[in-house]
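Here's the structure, in structure tokens; my notes come after.
Number of protein chains: 2
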Amino acid sequence: MNFSSKLIEEAVNEFSKLPGVGKRTALRFVLHLMKQDPAEVNRFGNAFIKLRTELRYCEKCHNVSDQVLCEVCVNPHRDHSVVCVVEDIRDVMAIENTQQYRGVYHVLGGIISPMDGIGPGDLNIETLVKKAAASEMKEVIMALSTTMEGDTTNFYIYKRLKEHQLTITTIARGISIGDELEYADEVTLGRSIVNRTLYENSLTIK
Amino acid sequence: MNFSSKLIEEAVNEFSKLPGVGKRTALRFVLHLMKQDPAEVNRFGNAFIKLRTELRYCEKCHNVSDQVLCEVCVNPHRDHSVVCVVEDIRDVMAIENTQQYRGVYHVLGGIISPMDGIGPGDLNIETLVKKAAASEMKEVIMALSTTMEGDTTNFYIYKRLKEHQLTITTIARGISIGDELEYADEVTLGRSIVNRTLYENSLTIK
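Shown next as structure tokens:
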């Protein structure tokens, strides 16, 4: 494509670096920005620069934060003895949106994946072990994906934590709410029968 | 959604102002930027700020340009006596990509649309009339969309230009190449028969 302007070409190239954005969509974004107020576009561009330079991570749980500790870690109404271990901040947001969890988090920043060259040393596992040793924790909930990498990471963390006096749990695997049994895969359906729960318990969930 | 960081929230809000981008896609973009090099993100943000502050419009044809005159207008190999009238710069790019046009352009910056409060005075029509009066132009090709607004604009420009010694043409309307006749709408099919062209002419198009 010939953009007849180096400035437009540059802006289109920058937009098309975003995941899932092609040249055509990028051009649509650029034409949109060209119609906006300069002050508006200034705010647009600076929001990302500011994000990248000023964003900090919580010293306790490695969640994103504008302060030294994140909003969850400084909240006295949260149960600090229950720690949910997740892969990244997207998972924190997803769990927070359910409004069902009152404990705190520990963000690993990835999962063990030898194929991508990611070992335990690249993740925030040591700080989790240290927190466990300080014995303020009572339960660790493993909330990683059920992939080969997720299972490896689960097992590694389990081995590192089991010497401490801790309950180590994983989130329930089972049939999604609204799903039909006949279309569920065998492993999930099998697991959902083995790990069946008392009917009464399902009545108490808001 | 709770982003647990004002910076992330701000960046997500900015991205979701783009056409067709929701909060979820915006968050995906933001998480992508968070993983990039700060210098990379700096370049990203500044590309748009620079675009909005430095981008200029060609004084002759109102196309986007980095200089006083655009690349098409300064090109001595283009035929400056043929002027193609288009709605916006996207149309210039589309026509340039065909590599079939050797004349120059005139970008109106919109079309007459009373519903949206856009009258002839809001468009670059006076400069076109002035150019026509200067008599360097021999042909004006109207290349606007075939909507009510496009037709109104065509007619308005035709009335303003007809006193000058000019050939006023419109781009050919007909069946798209690759389309099947039975699915074509009646108006287009009818027009394609009335405006039939010599078969020999279609052989010379590369």
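Chains as they are written, first to last, in the numbering used here: chain G, 321 to 526; chain A, 321 to 526.
Just so it is clear, CB atoms sit at the ideal spot from N, CA and C, and this is done for glycine as well.
Source: prediction; values computed, not measured.
Coarse secondary structure for Thr-490 (chain A), derived from DSSP in three states = Along the second sequence, read from residue 1 onward, the residue named residue 490 (chain A) stands at position 170. Three-state result, Thr-490 (chain A): strand.
So Asp-411 (chain A) is in the alpha helix (DSSP H); what residue range does that whole segment cover?
-> Translated into positions along the second sequence, residue 411 (chain A) becomes position 91. Counting along the chain, the alpha helix (DSSP H) containing Asp-411 (chain A) begins and ends at 409-418.
Length-filtered (3 minimum) beta strand (DSSP E) runs lying within the region 383-410 of chain A | 399-406
Starting from Met-462 (chain A), trace the beta strand (DSSP E) both ways and give me its first and last residue.
-> Stepping through the second sequence from its first residue, residue 462 (chain A) is reached at position 142. Unbroken beta strand (DSSP E) run through Met-462 (chain A): 459-462.
Per DSSP, Ile-495 (chain G) is paired with what?
-> As a position in the first sequence, residue 495 (chain G) is number 175, starting the count at 1. Per DSSP, none; premise fails for Ile-495 (chain G).
Is Asn-383 (chain G) near Ser-324 (chain A), with beta carbons less than 8 angstroms apart?
-> Counted from its first residue, the first sequence places residue 383 (chain G) at position 63. Counted from its first residue, the second sequence places residue 324 (chain A) at position 4. For Asn-383 (chain G) and Ser-324 (chain A), yes; Cβs fall inside 8 angstroms.
How many Å lie between Pro-396 (chain A) and Ser-522 (chain A) at the Cα?
-> Translated into positions along the second sequence, residue 396 (chain A) becomes position 76. Translated into positions along the second sequence, residue 522 (chain A) becomes position 202. Using only the alpha carbons, I get a separation of about 28 angstroms.
Answer yes or no: does any C-beta atom of chain A fall closer than 8 angstroms to that of Lys-326 (chain G)?
-> The residue labelled residue 326 (chain G) in the question sits at position 6 within the first sequence. True, the Cβ-Cβ gap to chain A drops below 8 angstroms.
Secondary structure at Ile-328 (chain G), three-state DSSP: helix, strand or coil?
-> For the purposes of this step, residue 328 (chain G) is identified with residue 8 of the first sequence, where counting begins at 1. Ile-328 (chain G) falls in the helix class under three-state DSSP.
Give me the Cα-Cα distance between Ile-488 (chain A) and Lys-482 (chain A), rounded to the nearest whole angstrom.
-> Locating residue 488 (chain A) in the second sequence gives position 168, where the first residue counts as 1. Locating residue 482 (chain A) in the second sequence gives position 162, where the first residue counts as 1. Going from the Cα of Ile-488 (chain A) to the Cα of Lys-482 (chain A) covers about 8 angstroms.
Is Ala-331 (chain G) close to chain A, meaning its C-beta is less than 8 angstroms from at least one C-beta of that chain?
-> Here residue 331 (chain G) is taken as the residue at index 11 of the first sequence, counted from 1. The beta carbon of Ala-331 (chain G) sits closer than 8 angstroms to some beta carbon of chain A.
Determine the closest residue to Asn-333 (chain A) out of G:Asn-366, G:Gly-510, G:Gly-498, with distance taken between C-alpha atoms.
-> Sequence index remark: in the second sequence, residue 333 (chain A) carries index 13 (1-based). In terms of CA proximity to Asn-333 (chain A), G:Asn-366 leads the group G:Asn-366, G:Gly-510, G:Gly-498.
8 angstroms contact criterion, which Leu-464 (chain G) and Glu-407 (chain G) should meet: CB distance rounded = Taking the first residue of the first sequence as 1, we reach residue 464 (chain G) at position 144. Taking the first residue of the first sequence as 1, we reach residue 407 (chain G) at position 87. The pair is a contact, with the Cβ atoms about 6 angstroms apart (cut-off 8 angstroms).
Compare the beta carbon distance of Ile-369 (chain A) and Asn-362 (chain G) with 8 angstroms and say whether it is the shorter of the two.
-> Translated into the one-based positions of the second sequence, residue 369 (chain A) becomes position 49. Translated into the one-based positions of the first sequence, residue 362 (chain G) becomes position 42. In contact: Ile-369 (chain A) and Asn-362 (chain G) (Cβ atoms closer than 8 angstroms).
Going by alpha carbons, who is nearest to Arg-398 (chain A) out of A:Glu-416, A:Pro-358, A:Arg-410?
-> Your numbering for residue 398 (chain A) matches position 78 in the second sequence. Distances from the alpha-carbon of Arg-398 (chain A) to those of A:Glu-416, A:Pro-358, A:Arg-410 put A:Glu-416 closest.
For the region 396-428 of chain G, enumerate the residues whose C-beta is nearer than 9 angstroms to any C-beta of chain A, in chain order.
-> Asp-408, Ile-409, Arg-410, Val-412, Met-413, Glu-416, Asn-417
Are there 16 or more other CB atoms within 10 angstroms of the CB of Lys-355 (chain A), so buried, or fewer, so exposed?
-> Taking the second sequence and counting its residues from 1, one reaches residue 355 (chain A) at position 35. With fewer than 16 Cβ atoms within 10 Å of its Cβ, Lys-355 (chain A) is classed as exposed.
Give a yes or no on whether the minimum CB-CB distance between Ala-367 (chain G) and chain A is below 8 angstroms.
-> Taking the first sequence and counting its residues from 1, one reaches residue 367 (chain G) at position 47. Interface annotation, Ala-367 (chain G): in contact with chain A, CB-CB separation under 8 angstroms.
What's the gap between the Cα of Ala-504 (chain A) and the Cα of Phe-364 (chain A)?
-> Here residue 504 (chain A) corresponds to residue number 184 of the second sequence, with the count starting at 1. Here residue 364 (chain A) corresponds to residue number 44 of the second sequence, with the count starting at 1. Near 44 angstroms, if we compare the C-alpha coordinates of Phe-364 (chain A) and Ala-504 (chain A).
Assign Val-427 (chain A) to one of three DSSP states: helix, strand, or coil.
-> Taking the second sequence and counting its residues from 1, one reaches residue 427 (chain A) at position 107. Reduced to three states, the DSSP call for Val-427 (chain A) is strand.
Which chain A residues are close to Ser-385 (chain G), counting only those with a beta carbon under 8 angstroms from its beta carbon?
-> Here the question's residue 385 (chain G) lines up with position 65 in the first sequence. Result: Ser-324, Ser-325.
Using 8 angstroms as the limit for Cβ to Cβ distance, is Arg-372 (chain G) near chain A?
-> Against the first sequence, residue 372 (chain G) aligns to sequence position 52. Yes, because at least one Cβ of chain A sits closer than 8 angstroms to the Cβ of Arg-372 (chain G).
How would you list, in chain order, the residues of chain A whose beta-carbon sits under 7 angstroms from the beta-carbon of Arg-348 (chain G)?
-> As a working mapping, residue 348 (chain G) is identified with position 28 in the first sequence. Per Cβ cutoff of 7 angstroms: Pro-339.
Chain A partners of Asn-362 (chain G), CB-CB under 7 angstroms?
-> Indexing the first sequence from 1 puts residue 362 (chain G) at position 42. Simply Ile-369.
Going by CA-CA distance only, name the one from G:Gln-420, G:Ile-431, G:His-352 that's closest to Ile-409 (chain G).
-> For the purposes of this step, residue 409 (chain G) is taken as residue 89 along the first sequence, with counting starting at 1. It is G:Ile-431 whose Cα lies nearest to the Cα of Ile-409 (chain G).
Compute the Euclidean distance between the alpha carbons of Lys-343 (chain G) and Ile-438 (chain A), then round it to the nearest angstrom.
-> The residue labelled residue 343 (chain G) in the question sits at position 23 within the first sequence. The residue labelled residue 438 (chain A) in the question sits at position 118 within the second sequence. Answer to the nearest angstrom: the Cα atoms are 30 angstroms apart.
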